[in-house]
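So the sequence shown is numbered by UniProt numbering: it starts at 1 and just counts up by one.
Heads up, the beta-carbon is just placed ideally off N, CA and C, and yes, glycines get one too.
It should be emphasised that the depicted structure is a prediction, and the values quoted were computed from it without experimental measurement.
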Amino acid sequence: MAYDYYASGAEDEWTLKENREAFSRILFRPRILIDVSTIDMTTSVLGMKISMPIMISPTAFQKMAHPEGEYATARAASAAGTVMVYKDRKVVEQLVRRAEKAGFKAIALTVDTPRLGRREADIKNRFVLPPGLTLKNFEGLNLGTMDQANDSGLASYVAGQIDRTLSWKDVKWLQSITTMPILVKGVITAEDARLAVHSGAAGIIVSNHGARQLDYVPATISALEEVVTAAQGRIPVYLDGGVRRGTDVFKALALGASGVFIGRPVVFALAAEGEAGVRNVLRMMREEFELTMALGGCTKLSDITRNHIFTEGDRLGRPLPRM
Numbered sequence: 001m002a003y004d005y006y007a008s009g010a011e012d013e014w015t016l017k018e019n020r021e022a023f024s025r026i027l028f029r030p031r032i033l034i035d036v037s038t039i040d041m042t043t044s045v046l047g048m049k050i051s052m053p054i055m056i057s058p059t060a061f062q063k064m065a066h067p068e069g070e071y072a073t074a075r076a077a078s079a080a081g082t083v084m085v086y087k088d089r090k091v092v093e094q095l096v097r098r099a100e101k102a103g104f105k106a107i108a109l110t111v112d113t114p115r116l117g118r119r120e121a122d123i124k125n126r127f128v129l130p131p132g133l134t135l136k137n138f139e140g141l142n143l144g145t146m147d148q149a150n151d152s153g154l155a156s157y158v159a160g161q162i163d164r165t166l167s168w169k170d171v172k173w174l175q176s177i178t179t180m181p182i183l184v185k186g187v188i189t190a191e192d193a194r195l196a197v198h199s200g201a202a203g204i205i206v207s208n209h210g211a212r213q214l215d216y217v218p219a220t221i222s223a224l225e226e227v228v229t230a231a232q233g234r235i236p237v238y239l240d241g242g243v244r245r246g247t248d249v250f251k252a253l254a255l256g257a258s259g260v261f262i263g264r265p266v267v268f269a270l271a272a273e274g275e276a277g278v279r280n281v282l283r284m285m286r287e288e289f290e291l292t293m294a295l296g297g298c299t300k301l302s303d304i305t306r307n308h309i310f311t312e313g314d315r316l317g318r319p320l321p322r323m
């Protein structure tokens with residue numbers, strides 16, 4: 001049940017496969033005879049300096065993967081936090097206050113889940129949290145329990161808690177109760193990217209919720225350039241979904257992303273080896289990305305440009321860039 005929860009996608013899982021396959025259709029245009037003896041991968045996110053543009057996605061129920069769950073992940077890397085918009089705004093406000101008190105630096109607001117997607121693996125398994133596991137963020141709050149249902153207990157629980165009237169005005173409301181910057185997670189169109197900028201979001205995370213919500217939406221890497229163009233450099237754009245290799249990180253940055261988030265690789269590594277597993281997967285991603293930069297002829301992140309890749313759209317008629 002736990003593996004199915006982490007690994008599966010919505011309905012036919014077309015988008016789940018496409019999140020990976022779309023990366024394979026992007027080819028490199030490496031530069032040669034460049035001194036790459038020193039590679040600098042450092043960057044900053046909302047004013048915080050980090051060692052590489054690879055971060056950990058907000059991922060639920062990590063204690064299903066390992067007894068130490070999020071504690072182990074947090075020790076391996078600085079984990080991102082996420083807030084869902086619950087029907088009771090007092091609940092959201094309490095969660096925000098807890099995050100501020102705990103020293104969190106930003107909020108990732110997930111906006112693509114007014115209802116839970118049809119995850120047929122969870123329906124088959126009648127998914128509920130295993131005995132002993134709870135929604136830790138909500139301890140002390142009267143939000144009911146996730147009980148067994150005829151389909152997915154999680155879907156039934158979420159249906160009773162998530163506010164389906166969520167709109168852009170709620171982003172403004174969230175800004176009114178906190179000074180923390182807000183990243184809007186779940187944007188895959190230019191129209192919504194422009195609305196995110198207009199709403200005052202500090203950044204955008206291009207995400208299709210790990211292909212777990214609406215099936216047959218584009219892979220996030222396919223939607224990235226459209227969102228970046230619409231944002232017009234006014235706020236940073238990040239990518240979440242399908243990133244498995246350092247080469248994927250390079251491709252995302254070449255298409256305009258300021259960084260990437262990884263989810264499933266972290267959870268599977270956590271299940272295999274706990275904290276050590278997460279450390280290993282981050283190390284592997286870092287080493288692969290550094291090698292890709294060197295072989296691509298880049299010594300710092302700003303060297304990575306659109307000219308370093310060749311996409312499916314380019315093959316359909318976009319002229320080759322002049323270097």
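Residues of its chain near residue i, where Cβ-Cβ distance is below 6 Å and the 5 sequence neighbours each way are ignored
| i | result |
| --- | --- |
| GLY160 | Reliability of the predicted coordinates at GLY160 is poor, the pLDDT of 48 falling under 50, and the value obtained from them is presented with this limitation in mind. The answer is none, since no qualifying residue turns up. |
| PRO181 | LEU46, ALA106 and ALA202 |
| MET64 | ALA2 |
| TRP14 | ASP215 and TYR216 |
| THR311 | ILE26 |
| LEU239 | VAL206, THR220, LEU224, ALA252, ALA257 and VAL260 |
| VAL278 | THR73, ALA76, VAL266, ALA269 and LEU270 |
| TRP168 | LEU195 and SER199 |
| ARG31 | GLY297 |
| ALA69 | The question names Ala, but residue 69 is Gly in the sequence shown. Result list for GLY69: GLN62 and LYS63, in chain order. |
| PRO236 | GLY203 and SER258 |
| GLU18 | ALA219 |
Start and end residues, alpha helix (DSSP H) containing residue i
| i | result |
| --- | --- |
| LYS185 | Note, LYS185: premise wrong, no alpha helix (DSSP H); beta strand (DSSP E) at 182-187. |
| VAL228 | 220-231 |
| SER199 | 190-199 |
| ASP4 | 2-7 |
Element boundaries [beta strand (DSSP E), containing residue i]
| i | result |
| --- | --- |
| LEU109 | 107-110 |
| VAL237 | 237-240 |
| LYS49 | 48-50 |
| VAL206 | 203-206 |
| MET55 | 54-56 |
Paired residues, beta bridge with residue i - DSSP
| i | result |
| --- | --- |
| ASP40 | LYS300 |
| LEU166 | According to DSSP, which records beta bridges pairwise, LEU166 is partnered with nothing at all. |
| residue 406 | No information on residue 406 is available, as it lies outside the stretch 1 to 323 that the chain covers here. |
| LEU27 | PHE310 |
| VAL45 | MET48 |
Anticipated Cβ contact below 8 Å, residue i with residue j, distance rounded
| i | j | result |
| --- | --- | --- |
| GLY246 | THR292 | 5 Å |
| SER222 | ALA22 | 5 Å |
| GLU226 | ALA269 | At roughly 31 Å, the Cβ-Cβ gap does not stay under 8 Å, so GLU226 and ALA269 are not in contact. |
| LYS185 | VAL111 | 7 Å |
| TYR264 | TYR6 | For the sequence presented, residue 264 should be read as Arg rather than Tyr. Indeed they touch by this definition, with Cβ atoms about 6 Å apart. |
Sequence-distant residues of the same chain with beta carbon closer than 7 Å to residue i, five excluded per side
| i | result |
| --- | --- |
| ALA254 | ILE304, THR305, ARG306, HIS308 and ILE309 |
| LEU301 | MET41, THR43, PRO53 and LEU253 |
| ALA193 | VAL187, ILE204, VAL227, ALA230 and ALA231 |
Close Cβ partners of residue i (< 8 Å) along its chain, the five nearest in sequence each way excluded
| i | result |
| --- | --- |
| THR299 | ILE34, ASP35, VAL36, THR38, ILE39, ASP40 and MET293 |
Uninterrupted alpha helix (DSSP H) stretches inside the stretch 254-308 (no shorter than 4 residues): You should have 264-296.
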